[in-house]
Amino acid sequence: MHNVKRVPVSVQSAEVLEQRRAEEARKLDTYKQIEDTYLEHRRNGDHSTEALESTTSILSCNPEYYSAWNYRRTILLYMFEQGDTNLKRRLLEGDLLMLQQSMKSHPKVYWLWNHRRWCLCLLPSSDVQDKGEKWRQELRLVNMMLEMDPRNFMGWNYRRWVIEELAKAQTNQENVPPFPSSLSSDLDDKTRAIHLELARHELKYTLTKIEQNFSNFSAWHNRSKLLPRIWDGEKLDAAARSQQRQAEFELLQQAMYTDPGDQSIWIYHRWLVSLDPNLETLKEQIQVIHELAEMEPESKWCMQSLAHYKQQLLSFHQNGITQSEAQKLENQVRGHLTQLEEIDSLRRHRYRDLLNNPPSSPSRH
54 MHNVKRVPVS VQSAEVLEQR RAEEARKLDT YKQIEDTYLE HRRNGDHSTE
104 ALESTTSILS CNPEYYSAWN YRRTILLYMF EQGDTNLKRR LLEGDLLMLQ
154 QSMKSHPKVY WLWNHRRWCL CLLPSSDVQD KGEKWRQELR LVNMMLEMDP
204 RNFMGWNYRR WVIEELAKAQ TNQENVPPFP SSLSSDLDDK TRAIHLELAR
254 HELKYTLTKI EQNFSNFSAW HNRSKLLPRI WDGEKLDAAA RSQQRQAEFE
304 LLQQAMYTDP GDQSIWIYHR WLVSLDPNLE TLKEQIQVIH ELAEMEPESK
354 WCMQSLAHYK QQLLSFHQNG ITQSEAQKLE NQVRGHLTQL EEIDSLRRHR
404 YRDLLNNPPS SPSRH
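Sequential numbering from 54 applies to the sequence shown in this note's numbering.
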């Protein structure tokens, strides 16, 4: 701008730094005053409204102050004993609202999710409220949180708990194993149908998140928790399970070709193979990975998987391959490990150890 005195950049930077330090000092003083008030209430064993407000103040500044959450729960339990159900509901609903606001800013703070679980477990149901509605409302909140961050593992863990509680509320039966393990037990037809519907809904949700971004470890992990239980609940025979696994391999193949460097895909692939590492499956998946490795010769996950699955061929299927095939596989495994020493040098000593001490294979008959 014309007719405006230019200030040297170094002077500007010094002024900005000084202002920033002054602001940080002011914030620190404010925080110390809030903490001192909270600590005084706690030392005095105070269970008053003022003590509760002191925990609100300190936790608004620092939601990871876990001892403040513990003290807050102690105060709330004391207040519950002094009041009626309406007071209890009002206090808990207030905390749930506070938590919802805080979780938007701090979605990965464990103590927020932990306190929310505590509140919901103690929250009395309304006389007119469906027993499952509380959990359906909570599921909508989790949906919102996972829209903000689809890979928030705390959100996914919390989601599994909410679904478990929803399944419990919808069936309202005792001696039923937790969902989704319940689908592998002897359930009556009505309960089985309810739990299957929930499991299929959650499986569909995982697919939605995976299709948005293949690199979502929590979605793949949740899928591994659900699929075997759904197959048990549907009472699928071996042939039907094999068909379902093949569909999963096709989904994985899309993911592997899209992002061959993503670890979560390969971990899920290894889990899927482990369900039934038969000769045909191992040979088929080795071929798929070989084709990918030709396009991605520097992919450590391709090399690791090829070495792992070929070693499994040697270990599990000695009678299904010839002596010459076995020797060829052993040489290939050594070749993959040698290549891994170069392309994944940070772990070269691990690969060298595997080269020097290969897993023993059962003797051929």
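By construction, the Cβ of each residue, glycine as well, lies at the ideal position given by its N, Cα and C atoms.
Exercise. Which residues in the same chain as Gly373 place their Cβ atom closer than 6 Å to its Cβ, once the five residues preceding and following it in sequence are excluded?
Worked result: Counted from its first residue, the sequence shown places residue 373 at position 320. Same-chain partners within the cutoff: Leu332.
Exercise. When burial is assigned at 16 or more other CB atoms within 10 Å of the CB, is Leu279 buried or exposed?
Worked result: Position 226 of the sequence shown, counted from the start, is the residue given in the question as residue 279. The residue in question, Leu279, is buried, as its Cβ has 16 or more Cβ neighbours within 10 Å.
Problem set entry | As assigned by DSSP and simplified to three states, the class of His370 | Stepping through the sequence shown from its first residue, residue 370 is reached at position 317. For His370, the three-state secondary structure derived from DSSP is coil.
Exercise. Rounded to a whole number of angstroms, what is the C-alpha to C-alpha distance between Leu366 and Gln385?
Worked result: The count along the sequence shown starts at 1 and reaches residue 366 at position 313. The count along the sequence shown starts at 1 and reaches residue 385 at position 332. Their backbone Cα atoms lie some 12 Å apart in a straight line.
Exercise. Residue range of the alpha helix (DSSP H) that Val229 falls in?
Worked result: Within the sequence shown, the letter at position 176 stands for residue 229. Note, Val229: premise wrong, no alpha helix (DSSP H); not H, not E.
Exercise. Lys80 by DSSP, collapsed to three states: which one?
Worked result: Sequence index remark: in the sequence shown, residue 80 carries index 27 (1-based). Here Lys80 carries a helix assignment [DSSP, helix/strand/coil].
Problem set entry | Whole-angstrom C-beta distance between Leu149 and Cys172, which should lie under 8 Å | Translated into positions along the sequence shown, residue 172 becomes position 119. Translated into positions along the sequence shown, residue 149 becomes position 96. Indeed, because the Cβ distance is near 5 Å, the residues count as touching under 8 Å.
For this session: Mind reading off the beta-carbon distance from Arg282 to Ala252? Whole number of angstroms is fine, and I expect it under 8 Å.
Result: In the sequence shown, counting from the first residue as 1, residue 282 sits at position 229. In the sequence shown, counting from the first residue as 1, residue 252 sits at position 199. Separation of the CB atoms of Arg282 and Ala252 is rounded to 6 Å, and the pair is thereby assigned contact status at 8 Å.
For this session: Tell me whether Gln307 is buried or exposed, calling it buried when 16 or more other Cβ atoms sit within 10 Å of its Cβ.
Result: In the sequence shown, residue 307 corresponds to position 254, counting from 1. Exposed, since its Cβ has fewer than 16 Cβ neighbours within 10 Å.
For this session: Measure the beta-carbon distance from Trp122 to His168 and round it to whole angstroms, keeping in mind my assumption that it falls under 8 Å.
Result: Residue numbering aside, residue 122 sits at position 69 when the sequence shown is read from its first letter. Residue numbering aside, residue 168 sits at position 115 when the sequence shown is read from its first letter. The Cβ separation is near 5 Å, so the contact holds.
For this session: Please go through the same chain and pick out, in chain order, the residues whose beta-carbon is closer than 7 Å to the beta-carbon of Trp166, but skip the five residues on each side of it.
Result: In the sequence shown, the residue the question calls residue 166 occupies position 113. Met207, Tyr211.
Problem set entry | Cβ shell of Thr259 (< 6 Å), same chain only, five flanking positions each side left out | On the sequence shown, position 206 is the one that residue 259 refers to. Within the same chain, Thr259 has close Cβ partners Ala272, Asn275, Arg276.
Problem set entry | Beta-carbon contacts of Pro415 that lie in its chain and below 8 Å, excluding the five residues immediately before and after | What you label residue 415 is simply residue 362 of the sequence shown in a count that begins at 1. Reliability fails at Pro415, whose pLDDT of 47 lies under 50, so the model's placement of it is uncertain and the value that follows must be treated cautiously. Only Ser368, Gln371 meet the Cβ criterion.
Problem set entry | Straight-line Cα distance separating Gln154 from Asp99 | Your numbering for residue 99 matches position 46 in the sequence shown. Your numbering for residue 154 matches position 101 in the sequence shown. Their backbone Cα atoms lie some 26 Å apart in a straight line.
For this session: For the alpha helix (DSSP H) containing Pro330, list its first residue and its last residue.
Result: Against the sequence shown, residue 330 aligns to sequence position 277. Following the DSSP letters along the chain, one finds Pro330 in no alpha helix (DSSP H), marked with neither H nor E.
Exercise. What alpha helix (DSSP H) runs, 4 residues minimum, are completely inside the segment 308–360?
Worked result: Here the runs fully enclosed are 316–327, 332–348.
For this session: Pick out whichever of Lys157, Asp406, Ile87 has its Cα sitting closest to the Cα of Glu106.
Result: What you label residue 106 is simply residue 53 of the sequence shown in a count that begins at 1. Of the candidates Lys157, Asp406, Ile87, the one whose C-alpha sits nearest the C-alpha of Glu106 is Ile87.
For this session: State buried or exposed for Gly286, treating a residue as buried only when at least 16 other CB atoms are found within 10 Å of its CB.
Result: As a first step, residue 286 must be located in the sequence shown, where it is residue number 233. Gly286 sits buried, since 16 or more C-beta atoms from the chains shown fall within 10 Å of its C-beta.
Exercise. What do you reckon, are the CB atoms on Lys161 and Asn205 nearer than 8 Å?
Worked result: Within the sequence shown, residue 161 is the residue found at index 108, counting from 1. Within the sequence shown, residue 205 is the residue found at index 152, counting from 1. At a Cβ-Cβ threshold of 8 Å, Lys161 and Asn205 count as neighbours.
For this session: Would you mind sorting Gly185 into buried or exposed? The rule is 16 or more other CB atoms within 10 Å of its CB.
Result: Taking the sequence shown and counting its residues from 1, the one referred to as residue 185 is at position 132. Buried, since its Cβ has 16 or more Cβ neighbours within 10 Å.
Exercise. Excluding five sequence neighbours on each side, which residues of the same chain lie with their C-beta closer than 6 Å to the C-beta of Ser352?
Worked result: Along the sequence shown, one-based indexing puts residue 352 at 299. Scanning its chain for C-beta atoms nearer than 6 Å, with the 5 sequence neighbours on each side dropped, one finds around Ser352 the residues Pro313, in chain order.
For this session: Could you spell out the range, first to last residue, of the alpha helix (DSSP H) harbouring Arg405?
Result: Working through the sequence shown from its first residue, we reach residue 405 at position 352. Run containing Arg405: 401–409, per the alpha helix (DSSP H) assignment.
For this session: To the nearest angstrom, report how far apart Ile339 and Leu305 are at their CA atoms.
Result: As a first step, residue 339 is located in the sequence shown; it is residue number 286 there, counting from the start. As a first step, residue 305 is located in the sequence shown; it is residue number 252 there, counting from the start. Computed Cα separation, rounded: 14 Å.
Exercise. Buried or exposed: where does Glu255 fall if 16 or more other Cβ atoms within 10 Å of its Cβ makes it buried?
Worked result: Taking the first residue of the sequence shown as position 1, residue 255 is located at position 202. Label assigned to Glu255: buried.
For this session: Identify which residue in Cys355, Leu399, Thr375 has its Cα closest to the Cα of Gly388.
Result: By one-based count along the sequence shown, residue 388 stands at place 335. Ranking the options by Cα distance to Gly388, first place goes to Cys355.
Problem set entry | Backbone secondary structure at Asn210 - three-state DSSP | Counting from 1 along the sequence shown, the entry for residue 210 is found at position 157. Helix.
Problem set entry | Counted within 10 angstroms of its Cβ, other Cβ atoms place Tyr321 as buried (16 or more) or exposed | Against the sequence shown, residue 321 aligns to sequence position 268. Looking at its Cβ environment, which holds 16 or more other Cβ atoms inside 10 Å, Tyr321 is buried.
Exercise. Val181: buried (16+ other C-beta within 10 angstroms of its C-beta) or exposed?
Worked result: Taking the sequence shown and counting its residues from 1, one reaches residue 181 at position 128. Low confidence applies to Val181: its pLDDT is 48, below 50, so where it sits in the model is not reliable, and the reading given next is rough at best. Under this definition Val181 is an exposed residue.
Problem set entry | Cα-Cα separation between Gln380 and Ile263, rounded to whole angstroms | By 1-based counting over the sequence shown, the position of residue 380 is 327. By 1-based counting over the sequence shown, the position of residue 263 is 210. Straight-line Cα distance between these residues: approximately 39 Å.
For this session: Please say whether Leu140 and Met132 have beta carbons closer to each other than 8 Å?
Result: By one-based count along the sequence shown, residue 132 stands at place 79. By one-based count along the sequence shown, residue 140 stands at place 87. Yes, they are a contact pair.
Exercise. Skipping 5 residues on each side, what residues in its chain have a beta carbon closer than 7 Å to that of Asp315?
Worked result: One-based indexing of the sequence shown puts residue 315 at position 262. Same-chain partners within the cutoff: Phe267, Ser268.
For this session: Using only alpha-carbon positions, find the residue among Gln265, Thr391, Met198, Gln299 that is nearest to Val341.
Result: On the sequence shown, residue 341 is found 288 positions in, with the first residue counted as 1. The alpha carbon of Val341 has as its nearest neighbour, out of Gln265, Thr391, Met198, Gln299, the alpha carbon of Gln299.
For this session: Determine the contact status of Phe270 and Ser317, defining contact as a CB-CB distance below 8 Å.
Result: The residue given as residue 270 occupies position 217 in the sequence shown. The residue given as residue 317 occupies position 264 in the sequence shown. For Phe270 and Ser317, yes; Cβs fall inside 8 Å.
For this session: Have a look at Ser179 and Tyr124 and give me their C-alpha separation to the nearest angstrom.
Result: Working through the sequence shown from its first residue, we reach residue 179 at position 126. Working through the sequence shown from its first residue, we reach residue 124 at position 71. Near 27 Å, if we compare the C-alpha coordinates of Tyr124 and Ser179.
For this session: Could you have a look at Phe302 and say whether DSSP puts it in helix, strand or coil?
Result: Working through the sequence shown from its first residue, we reach residue 302 at position 249. Look at Phe302 here: in three-state DSSP terms it is helix.
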